[in-house]
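First comes the structure, then the notes that go with it.
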Amino acid sequence: MIPFEEGFYIDKLKKYYDRLNGSGINGKIIKEKFLSKLEGYLFSEDDLSYSDENLNILELGCNGKAYMELSPKEVQGSFEAIRKVKGKVGIVGLGMGYFLQEVLNKEDVEEIIVYEIDEDIINLYEANFGKNEKVTIINVDAFEAEKESFDYFFVDIYGYELSKDVVEHYIKFNELHSIENYLFWGMEHFLLSCRIEQIAWIYIPEIWMEMAKDLFERFNDSKYIGYFRTLDEKLVENILDKFSKVL
12 MIPFEEGFYI
22 DKLKKYYDRL
32 NGSGINGKII
42 KEKFLSKLEG
52 YLFSEDDLSY
62 SDENLNILEL
72 GCNGKAYMEL
82 SPKEVQGSFE
92 AIRKVKGKVG
102 IVGLGMGYFL
112 QEVLNKEDVE
122 EIIVYEIDED
132 IINLYEANFG
142 KNEKVTIINV
152 DAFEAEKESF
162 DYFFVDIYGY
172 ELSKDVVEHY
182 IKFNELHSIE
192 NYLFWGMEHF
202 LLSCRIEQIA
212 WIYIPEIWME
222 MAKDLFERFN
232 DSKYIGYFRT
242 LDEKLVENIL
252 DKFSKVL
């Protein structure tokens with residue numbers, strides 16, 4: 012149950028808090044934000060509390076508008092993808108750099124290409140973490156990038172929500188690149204929100220099922236299991252129907 016252990020995600024957040032808090036560029040500032048309720052990946056509950064009352068998350072904003080955050084949801088929701096990726100990895104969406112930094116620490120990851128359309132985000136990342144010879148960050152619309160071959164390709168542009176665009180993006184990126192394993196943020200929550208009878212006769216990539224099963228087993232052993240939150244039923248059915256035609 013590692014990603015749902017308080018010690019695990021709190022330590023991760025504190026590690027990046029010390030590095031990122033207060034950094035900024037061109038009006039985009041990373042600041043601390045105190046959570047009034049615990050929102051995690053797969054669950055949300057007002058009554059749950061942290062063992063560490065001083066736990067803050069980080070939020071990147073500009074002119075009072077929040078763009079992204081680094082929170083328990085980020086740590087838990089990217090856990091399986093971080094655990095799986097290896098070889099040559101493609102990433103769409105740099106964010107505050109959490110996923111990239113965690114993947115960069117893996118010995119079996121040989122090369123990483125990141126597609127990020129916002130140059131400020133790239134400059135902010137490099138100011139905080141520097142450059143690494145294994146990483147190439149390309150300032151481009153990811154849908155207009157040059158063709159590459161990837162062992163793993165992870166799309167993280169959905170703002171912690173299940174997007175109706177995930178199927179369209181799956182099609183476009185697989186047409187653009189040669190991708191062995193395609194992953195997207197929220198994939199496990201999507202599958203765990205499907206009814207068994209809905210997916211019984213639909214081909215789902217084996218790696219997707221493995222990741223969803225592993226994460227749920229970890230979640231099932233955690234104290235948060237009673238607070239599982241399924242995603243919107245109609246949205247899930249619509250996306251599953253679209254995937255059934257392309258997978």
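Read in order, the letters of the sequence shown correspond to residues 12 to 258 in our numbering.
Ideal Cβ positions, reconstructed from N, Cα and C, are used throughout, including at glycine.
- In the DSSP assignment, Ile215 falls outside any alpha helix (DSSP H), carrying neither H nor E.
- Beta-bridge analysis with DSSP links Val146 to Ile123.
- In the assembly as shown, Asp167 is a buried residue. Its beta-carbon has 16 or more other beta-carbons within 10 Å.
- A Cβ-Cβ contact shorter than 8 Å links Tyr27 with Tyr109.
- For Asp162, the secondary structure class from DSSP, reduced to helix, strand or coil, is strand.
- Separation of Ala138 and Asp119 (C-alpha to C-alpha, rounded to the nearest whole angstrom) is 26 Å.
- Boundaries cannot be given for Gly197, as no beta strand (DSSP E) includes it and DSSP labels it neither H nor E.
- When C-beta atoms of the segment 69–82 are compared with those of the segment 237–247, fewer than three pairs fall below 8 Å, so the two segments do not count as touching.
- Sequence-distant partners of Ile182 (beyond 5 residues in either direction) whose C-beta falls short of 7 Å from its own C-beta, in its chain, are Val257.
- Per the coordinates, the alpha-carbon of Phe90 lies some 31 Å from the alpha-carbon of Asn37.
- Leaving aside the five residues that flank Gln87 on each side, the residues in its chain whose CB is nearer than 6 Å to its CB run, in chain order, Pro14, Gly51 and Tyr52.
- A direct Cα-to-Cα measurement between Ile210 and Arg30 gives close to 42 Å.
- When Glu121, Asp131, Gly237 and Glu159 are compared, the shortest CA-CA separation from Glu144 is found for Glu121.
- Apart from sequence neighbours up to five positions away, the residues of its chain that approach Met107 with a beta-carbon distance below 7 Å are Leu31, Ile41, Leu69, Leu71, Met79 and Leu81, ordered along the chain.
- Note on Lys48: under 16 other CB atoms within 10 angstroms of its CB, so exposed under the neighbour-count rule.
- Spatial neighbours of Met12 in its own chain (CB-CB distance under 6 Å, excluding positions within 5 residues in sequence) are listed in chain order as Arg229, Asp232 and Ser233.
- Close CB contacts of Met220 within its chain, under the 8 Å cut and outside five residues either way in sequence, are with Leu202 (chain order).
- Here Asn74 carries a coil assignment [DSSP, helix/strand/coil].
- Here Ile190 carries a strand assignment [DSSP, helix/strand/coil].
- Bounds of the alpha helix (DSSP H) holding Ile133 are Glu130 to Phe140.
- Per the coordinates, the alpha-carbon of Phe227 lies some 8 Å from the alpha-carbon of Glu199.
- Sixteen is the threshold: when 16 or more other Cβ atoms of the shown chains lie within 10 Å of the Cβ of Gly104, as they do, the residue is buried.
- Taking 8 Å as the cut-off, the beta carbon of Gly35 is found closer than this to the beta carbon of Leu135.
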